[in-house]
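The sequence shown lines up with residues 8 to 223 when you count with the working numbering.
Ideal Cβ positions, reconstructed from N, Cα and C, are used throughout, including at glycine.
Quick caveat: nothing in here was measured; it's all calculated off a predicted structure.
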Amino acid sequence: TIENLRQLLLIDQQTLLIQDFGAGSRVRKENTRKVCDIARASLKPKRFGQLLFRIVDQYSPANILELGTSLGITTAYMAAANEQSKVVTMEGAATVAAVARKNFAKLGLQNIRLVEGNFDETLAATVQQMGSIDLAFVDGNHRYEPTLRYFRELLPAIHEYSILIFDDIHWSKEMEQAWAEIQRDPAVTLSIDLFFIGLVFFRKEQKVKQHFTIRF
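Have a look at this one:
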């Protein structure tokens with residue numbers, strides 16, 4: 008199971024050479040990291056994986072995009088929720104992407120395509136190739152400017168029933184600023200702050216823009 012795999016990753020002593028394109032971890036700055044350290048620092052908790060699973064199960068999105076694969080645990084939860092969904096996941100670090108690929112194979116997940124490379128170079132082409140995005144999970148570069156840029160690059164592929172999920176919206180002042188600006192965007196009709204993540208909706212029947220904060 009996915010949680011069994013998480014436990015294995017938490018004790019995996021394999022050392023990887025990392026090129027980090029994002030804001031980095033507040034925990035370590037070295038260029039080499041053990042898989043177990045990456046797992047401890049970056050894997051989302053079980054309840055978050057289960058939340059993503061429920062969202063995919065409930066809304067049956069055909070096309071899912073994830074920015075920030077890491078070791079592939081959240082990817083796996085989304086892919087496992089609906090075998091008909093096509094999950095495209097993007098990872099900047101090639102060595103981390105290689106571990107994620109092995110994890111998908113171990114779990115027998117066939118509906119995932121992994122795109123490697125710096126998001127600044129790969130995102131526009133990936134969005135264009137997908138055409139339409141029903142669900143996107145943005146967990147890439149925890150800075151103001153890139154987060155807003157990713158949001159704007161996703162917009163052409165977004166439709167009325169799309170859902171965008173932004174991770175770590177209160178990670179820093181920059182992320183809080185980016186989240187506030189995303190909420191203000193005219194296309195956004197409903198936003199939900201679960202503290203550690205933010206959900207964005209574009210429903211046209213929602214005539215008045217609304218924002219909710221929920222303790223999750």
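First through last residue of the beta strand (DSSP E) which encompasses residue i
| i | result |
| --- | --- |
| Lys-216 | Premise fails: Lys-216 is in no beta strand (DSSP E) and is neither H nor E. |
| Glu-123 | 119-123 |
Limits of the unbroken alpha helix (DSSP H) element including residue i
| i | result |
| --- | --- |
| Val-134 | 126-137 |
| Lys-180 | 180-191 |
| Leu-155 | 151-161 |
| Ile-9 | 9-16 |
| Leu-58 | 53-66 |
| Val-103 | 101-113 |
| Thr-88 | In the sequence on display, residue 88 carries Ala and not Thr. Element bounds for Ala-88: 80-88. |
Bridge partners - residue i, DSSP secondary structure assignment
| i | result |
| --- | --- |
| Leu-72 | Val-95, Ala-143 |
| Gly-205 | Phe-173, Asp-200 |
| Leu-24 | Thr-39 |
| Thr-220 | Asp-200 |
| Ile-165 | Ile-140 |
Buried/exposed call for residue i, threshold 16 Cβ in 10 Å
| i | result |
| --- | --- |
| Ala-194 | exposed |
| Asn-38 | exposed |
| Val-34 | A caution first: Val-34 carries a pLDDT of 46, below 50, which makes its placement in the model unreliable, though a value can still be read off. Exposed is the call here. |
| Tyr-157 | buried |
| Tyr-168 | exposed |
| Glu-73 | buried |
| Asp-44 | buried |
| Ala-112 | exposed |
| Arg-222 | exposed |
| Arg-13 | buried |
| Asn-11 | exposed |
| Leu-16 | buried |
| Ser-198 | buried |
| Ala-132 | exposed |
Whether residue i touches residue j by CB criterion (8 angstroms)
| i | j | result |
| --- | --- | --- |
| Val-103 | Ser-77 | yes |
| Met-137 | Ala-164 | yes |
| Thr-196 | Lys-216 | yes |
| His-149 | Met-182 | yes |
| Leu-206 | Ile-172 | yes |
| Thr-1 | Lys-51 | What the structure shows of the chain is the stretch from 8 to 223, and residue 1 is not part of that stretch, so it cannot be assessed. |
| Gln-190 | His-218 | yes |
| Leu-155 | Ala-185 | yes |
| Ile-18 | Arg-40 | no |
| Asp-141 | Asp-174 | no |
| Val-63 | Ser-92 | yes |
| Glu-220 | Asp-200 | For the sequence presented, residue 220 should be read as Thr rather than Glu. In this structure, Asp-200 lies closer than 8 angstroms to Thr-220 by Cβ. |
| Ala-101 | Val-94 | no |
| Leu-83 | Leu-116 | Note on identity: in this sequence residue 83 is Ala, with Leu being the wrong assignment. Yes, the pair counts as a contact, with Cβ atoms nearer than the cut-off. |
| Phe-208 | Ile-176 | no |
| Ile-204 | Leu-114 | no |
| Gly-79 | Asn-125 | no |
| Ala-88 | Phe-60 | yes |
| Glu-90 | Asn-70 | no |
Within-8 angstroms CB hit, residue i to chain B
| i | result |
| --- | --- |
| Leu-162 | Although the question refers to chain B, the structure presented lacks it and comprises just one protein chain. |
Residue i CB to nearest heavy atom of the ligand MG below 7 angstroms
| i | result |
| --- | --- |
| Leu-16 | In the structure on display, the ligand MG does not appear, and there are no ligands present to speak of. |
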